[in-house]
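Numbering-wise (full-length UniProt numbering), the sequence shown opens with residue 1 and increments by one.
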Amino acid sequence: MNSDSVTEDTLELQALDWFIEIGYTKYYGPDIALEGKNEERKSFADVILVNRLKNKIFELNPKVPANGIDEAIRKILLFDITNPVLQNKRCHQYITDGVDVEYQTVQGNKPDKVWLIDFKNPENNEFLAINQFTVIENKNNRRPDIVIFVNGLPLAVVELKNPSDPGTDVWQAYNQIQTYKNEISSLFNYNAVNVISDGLHSMVGSLTAHQERYHVWRTINSEKDVPTNLLSLEVVIRGLFDKERFLDFVRYFVAFEQKPKSDAAIKIVAAYHQFNAVRAAINKTIKAIKGDKRIGTVWHSTGSGKSLTMAFYVGKAVVQNELQNPTIIILTDRNDLDNQLFGQFSRVTQILRQTPKQIESRSDLVNALKVASGGIYFTTIQKFFPEKKGEQFPLLSERKNIIIVADEAHRSQYGFTEGFAIHLRNALPNASFIGFTGTPISKTDADTRAVFGDYISIYDIERSIQDKSTVPIYYESRLIKLEINKNIDLDSELEEITESDEPSEKERIKSKWANLEALVSSENRIKEVAKDFISHFESRQDGKKGKAMLVCMSRRICIDMYNEIIKLRPEWHAQDDEKGVIKIIMTGEASDKEEWQQHIRTKKRREELAEHFRDEHSPFQIVIVRDMWLTGFDAPCMTTMYIDKPMKGHNLMQAIARVNRIFEGKKGGVVVDYIGIADSLRKTMQTYTESGGQGRPFLDKEEAVAIMLEKYELCCQIMYKFNYKQALGNSMEVLKLLPSALEHILAQPDGKKRFSDAVYQLSKAFALATPHESALQIRTELIFFQNVNGALNKNNPNAALRLEDKEYILRQLISKSVASEGVIDIFSAAGLKKPDISVLSDEFLAEVRNLPQRNLAIELLEKLIQGELKTKMKKNKVQERHFSEMLENALRNYKNRAIETAKIIEDLIKMAKEIKEAHKRGKDLGLSDDELAFYDALSDHGTAKNILGDDILKKIAIDLVNTIKTNLDVDWMVKTTSRAKVRMSVKRLLKTRGYPPDKSEKAIELILEQAEHLCKEWEN
């Protein structure tokens, strides 16, 4: 190989150099392995460098006696939890909170804590970057590229792919991480984070992260330090793995979220924007308690993990020495939001290091503030309003270490207009304030800045979508005409006054909307909306299955809409909450009408339904709401929101963001407008831009349609002059056309790749555009294109996995169509019976030779030969290499137009026959497949065969199989002494048999390589 070529090894060595530059020590895995020159591991099953760990523990815990240290080591090395995530959680707690031990002293048993890492002084710890770290577990032999150790504990795995190889990408590195988790799971007991990279694209993820949850890391020192001239892997290494930052990340930015009603948990690691925001906010907090008490505002685009950012902030704040056990009060302005946020925090109590509490009454609030040891409390701002208007709220506490954390800090109640700031200052004169918001503060909103301060961190929509933290939102207007009285003014004052009141109060105020509601809820209009909703929703299910939310103006309209929908789709209704496609989520009272009662549920039942709605497999697909679930509610599988309620400003931004969550196969969310929110959206856009936000909060649905039509035209250009339209909609006719279609594509320069890419992009765009009329018009053509593409790529062993979710898009995006048509086999398409690859008869090859579609014949032969090499030559290194090079050269000449189509077909047929004959040679020579492989290795050097002849080489090959099998130990490939033993036995045998000495060294290397090729099969 050319030494100038960039390979995976090049990237690995460069990564190690970057680790060295930030203060890590580099080791080569085999050197510290069993029988290595600096042996540290007694077995390849050892994933912890125990001696290093022990030495560090003694060093960091000088006051703990040896028996206490031994107890800690015993716990650290005990892996008795079968669930890998829960095992990892326990190990993580040992790292972050120390190991609880008890030991004998003169005074009796003494409880103590043993620390594994010095978090206060990063330089007191030992950081290692070890490459090629072989782990063998249950006969699985795996060798991750780089493992990061801190004090002997493996905290990170870095898996790399060749930056210059177009056939590989980061997702192949991701797949390898998944293999490691399954086959060498012990390596991940103490794992904090994993990195996948091809140098140019690098992503960070947790132990349980799916592809959608691996995210980029863009920064080094801070939010504003975003280098664009460095490889992404260098940014990850310098940004995340800097000693101080990495330990901070491990300690405060790793969470385990408990699944409701289950022992299952998922592991979450902070994204770079969360990490930077929290670190900056903590620094601001420490300064603010000594200053003006305004910590600042964190604006992170809705859907990008704001609730978790708040949890990470609180988790770090509670242990800061400068804050002296603070009391942290998390404020929302509605009970349902308080419940949602409290629920999120309650699922990640491990990072909070305590259990949060919900304040139910003012007396609870008073008692909570009396606790000098601090705590985490949730309440609503209404608890801070005087019981009688005009009264002053009483003093509750003068402590300085009280922090008010306000969710959605832009709301009017947090400002001076409603008196919140005054009442809170009267109650807690020395408290400090921090605000979190998913939408920007407008230029004219002086109150929010006066209470909370300026921005600490901004993570806007553009960056969120670039990072794939959220998906774009598309707007579609489907106005159902409404004759609105011009005197009805939905002004901002009314909207702002009512946006945050509790449901009972809100219902009273909204009686002012009675005239408008009467128009919106007319029987004819309800029928029209219901009919269009069903049509649109069902069409969307053709493109990409996803859940939907329908937002109505009042509870009465919600119920009328529900009744009209189930008239048209009675099978969607079910009394049982465990069944049924559609539900209403709303509050109510016993005094409400009898027919409403089935829709009024307890808080517990609403929470259970929320979990059902989040579950993609649940039959609950459609929810109708008035106000609930429009803020703070996450359901990633929801793809479409239908709005039939006047909304504006922050409320509108919050609501439409329900559909921007990432989810497998989801390329965007769609907001359907039935009532006319376009003007409000434009004003929202203006506020967003004026506040410094980059990117657009929403895109017009027509943009998705335009992209779809552009990709459609590209497919049509490739199929130009090929008449396929008469076959559309008839699967049998499509089947007959496939050979000619494949031939048409393959005859074009780079046709296969261009067509595959175009169909992939068209499929994605179609999922967003449907059910637009333009999408429905091209639907049958898209099905045809997908069938052709499926046949084009079927059984191609070298087809690289497409980034993200190729299979999901191509097989399920147009789910009904693809399921009915199926993917058509390329051999069937050519009118041939698919051959038994082990036979490859002359008759079959003759059929291929005579195919009228010449390019298709070449494609078939290439696949057959690759299949032969993969199945029949995998044991024989020499023959596999020989035929692979022949195939590569032949195809290169053809693609460069150095030889004609007829010639390449003859060459490939000849090669297929040669492979067939080569496989028979063992039988002719009287050798097994294993013996033939070594015979070919010995014969690879021509002079040896000339000097010794076939008979002697055959005897040497037979003896080699026996000798190597006899001398093989477990793990011989990675044990230096075992490998040397095998090498010596081979060398001795060759010398005894008179093998030419000038060829023996090269032969030995090839023989050992061949032995490695066969050893797994021998072990089995």
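C-beta atoms are modelled at their ideal positions from N, C-alpha and C, and glycine is treated no differently.
Within the model, the alpha-carbon separation for Leu762 versus Trp171 is close to 22 Å. Measuring C-alpha to C-alpha distances from Ile73 to each of Arg347, Val99, Asp673, Tyr27 identifies Val99 as the nearest. From the listed residues Lys604, Leu927, Asp644, Cys637, the smallest Cα separation to Ser618 is found for Cys637.
In this structure, DSSP gives Met628 a state outside helix and strand, which the three-state scheme calls coil.
In the DSSP assignment, the residues bridged to Ile196 are Glu159, Met203.
Sequence-distant Cβ neighbours of Ala311 in its own chain, meaning closer than 8 Å and more than five residues away, are Ala255, Gln344, Phe345, Val348, Ile351, Leu352. The C-beta of Ile422 has fewer than 16 other C-beta atoms within 10 Å across all chains shown, which makes the residue exposed.
Per DSSP, the continuous alpha helix (DSSP H) segment holding Val235 begins and ends at 232-240. At a Cβ-Cβ threshold of 9 Å, Val298 and Thr309 count as neighbours.
DSSP assignment within the stretch 56-132 yields the following whole alpha helix (DSSP H) runs of 4 residues or more, N-terminal first: 66-76, 84-97. Considered as a whole, the stretch 296-376 harbours 327-332 as its complete beta strand (DSSP E) runs of no fewer than 3 residues, in chain order. In this structure, DSSP gives Thr963 a helical state, which the three-state scheme calls helix.
Here Val405 carries a strand assignment [DSSP, helix/strand/coil]. Taken in chain order, the whole beta strand (DSSP E) runs of length 3 or more contained in the stretch 3-30 are 25-28. A straight line joining the alpha-carbon of Leu768 with that of Arg779 spans about 13 Å.
The C-alpha of Phe934 is placed about 8 Å away from the C-alpha of Asn876.
Shown here, Ile268 sits in a strand according to DSSP, grouped into three states. Lys752 and Leu746 have their alpha carbons spaced roughly 6 Å apart. Counting the other Cβ atoms within 10 Å of the Cβ of Pro62 gives fewer than 16, which makes it exposed. Runs of the beta strand (DSSP E) lying entirely within the stretch 565-635 and spanning at least 3 residues, in chain order: 582-585, 622-625.
In terms of Cα proximity to Gly668, the closest of Ile584, Arg993, Trp572, Arg658 is Arg658. By the Cβ rule, the stretch 179-187 does not count as touching the stretch 211-219, because fewer than three pairs are nearer than 8 Å. One thing to note: Val581 has its Cβ no nearer than 9 Å to the Cβ of Ile557. DSSP places Glu476 within a strand segment (E or B) once states are collapsed to three.
Taking one beta carbon from each stretch, the stretch 558-565 and the stretch 594-604 have 3 or more pairs nearer than 8 Å; the two touch. Under the criterion of beta carbons closer than 8 Å, Ile718 and Ala758 qualify as touching, at roughly 6 Å. For Phe755, the enclosing alpha helix (DSSP H) starts and ends at 751-769. Under the DSSP definition of a beta bridge, Gly665 lacks any partner.
Per DSSP, reduced to three states, the secondary structure at Ile289 is coil, with no helix or strand assignment. Thr437 counts as buried, since at least 16 other C-beta atoms from the protein chains shown sit within 10 angstroms of its C-beta. Between Ser464 and the set Ser522, Ala590, Lys306, Glu578, the nearest pair of CA atoms involves Lys306. Arg238 is positioned such that its CB atom lies closer than 9 Å to that of Leu230. Residue pairing by DSSP puts Phe433 in a beta bridge opposite Arg294, Ile404. Take the alpha-carbon of Asp169 and the one of Phe784: they are about 29 Å apart. The criterion of a C-beta distance shorter than 9 Å is satisfied by Arg362 and Lys383. The shortest C-alpha to C-alpha distance from Phe385 to any of Phe393, Phe378, Thr379 is the one to Phe393.
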